[in-house]
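Chemist: Here you go, one structure.
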């Protein structure tokens with residue numbers, strides 16, 4: 106068990122704080138977001154010219170998207186290093202069941 | 170252990186200051202500075218970001234992840250914040266319970282709760298990616314933590 110990092114597990118997330126400098130980040134199991142498409146807004150030339158109205162659809166929505174994290178890359182980006190204990194703690198905790206619950210929560214299901 | 174005015178106590182181990190790493194669901198950003206202060210079960214974060222040249226028009230709501238601590242699993246929204254955008258836009262944000270993320274909309278009386286899942290409409294969010302010139306959001310957000 107790492108003493109370099111403080112790891113706190115919650116129902117669907119894991120908080121990680123590096124003890125030496127208090128750099129902290131809360132991680133969740135999967136990147137989940139809703140692609141709602143693009144709409145025209147007041148700064149678009151098409152709106153200024155009158156061809157489009159604010160709120161008109163520019164790009165159709167794709168709906169909910171999911172992307173798995175590359176934990177090596179994620180930890181490297183956040184902490185500048187990949188601590189094996191932290192990685193193990195995160196990957197072992199984010200089971201398929203926890204991940205499914207996280208996705209459902211994000212979607213408001 | 171610290172004693173506060175009403176006679177209750179506060180564990181020193183839950184009082185910390187440090188840095189954090191904001192993440193975004195889309196767009197490319199550099200973190201100029203991002204700090205937090207945790208006092209018991211309350212966390213105050215602030216950050217200054219700037220976009221990289223790779224940022225393009227993006228349709229998704231501006232969602233920031235990487236909060237330093239998971240938000241409290243209570244009610245619906247457990248925190249709120251304000252900020253500014255380069256072109257004099259006001260930003261205001263909120264934190265959903267039991268998450269590591271916060272959601273942002275620009276001011277002008279918009280309600281970030283007015284669309285599904287409590288998210289802002291993307292007509293409020295696309296300006297963050299489609300405007301030309303420098304983009305330097307600065308904000309603070311305060312929320313309850315688990």
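Protein chains in written order, with this note's numbering: chain F, 106 to 214; chain G, 170 to 315.
Every residue, glycine too, gets a C-beta built ideally from N, C-alpha and C.
Computed from a predicted structure; not experimentally measured.
For residue 184(G) versus residue 200(G), is the C-beta distance shorter than 7 Å?
Modeler: Result no, Cβ atoms of residue 184(G) and residue 200(G) do not sit closer than 7 Å.
Chemist: Could you tell me if residue 232(G) is buried or exposed, where buried requires 16 or more neighbouring beta carbons within 10 angstroms of its beta carbon?
Modeler: So residue 232(G) counts as buried.
Chemist: How long is the line joining the alpha carbons of residue 201(F) and residue 260(G), rounded to whole angstroms?
Modeler: If you take the alpha carbons of residue 201(F) and residue 260(G), they lie about 36 Å apart.
Chemist: Consider the Cβ of residue 315(G): report whether some Cβ of chain F lies at a distance smaller than 7 Å.
Modeler: By this cut-off, residue 315(G) is an interface position.
Chemist: Of the residues that make up the stretch 184-206 of chain G, which ones have a beta carbon closer than 9 Å to any beta carbon in chain F?
Modeler: If the cut-off is 9 Å between Cβ atoms, the stretch 184-206 of chain G has 185, 186, 187, 188, 189, 190, 192, 194, 195, 205 near chain F.
Chemist: Quick check on residue 229(G) - is its C-beta less than 7 Å from some C-beta in chain F?
Modeler: The pLDDT assigned to residue 229(G) is 48, lower than 50, so where the model puts this residue is not dependable; a value taken from the coordinates is nonetheless given after this. Yes, contact with chain F.
Chemist: Please tell me whether residue 190(G) and residue 235(G) are closer than 7 Å, where the distance is taken between their beta carbons.
Modeler: For residue 190(G) and residue 235(G), yes; Cβs fall inside 7 Å.
Chemist: Would you mind telling me which residues of chain F sit closer than 8 Å to residue 242(G), beta carbon to beta carbon, in chain order?
Modeler: In chain order: 115, 116.
Chemist: Could you give the first and the last residue of the continuous beta strand (DSSP E) run that contains residue 260(G)?
Modeler: First-last of the beta strand (DSSP E) with residue 260(G): 259-265.
Chemist: Taking DSSP as the reference, what is the three-state secondary structure of residue 218(G)?
Modeler: Here residue 218(G) sits in strand by DSSP.
Chemist: In the DSSP output, what is residue 236(G) paired with across the bridge?
Modeler: Its beta-bridge partners do not exist; DSSP assigns none.
Chemist: Using the Cα positions of residue 308(G) and residue 205(F), report the straight-line distance between them to the nearest angstrom.
Modeler: Going by the C-alpha atoms only, they are around 32 Å apart.
Chemist: Would you call residue 243(G) buried or exposed, if buried means 16 or more other Cβ atoms sit within 10 Å of its Cβ?
Modeler: Label assigned to residue 243(G): exposed.
Chemist: For residue 199(F), which residues in chain G fall below 9 Å Cβ to Cβ?
Modeler: Going along chain G, no residue has its Cβ under 9 Å from residue 199(F), so there is no contact; the nearest lies around 13 Å.
Chemist: With 7 Å set as the bound, which would you pick, yes or no: does the beta-carbon of residue 205(F) sit closer than that to a beta-carbon of chain G?
Modeler: No, its Cβ sits nowhere closer than 7 Å to a Cβ of chain G.
Chemist: Is it buried or exposed for residue 186(F), if we count other Cβ within 10 angstroms and need 16 for buried?
Modeler: Classification of residue 186(F): exposed, given that the 10 Å Cβ count is below 16.
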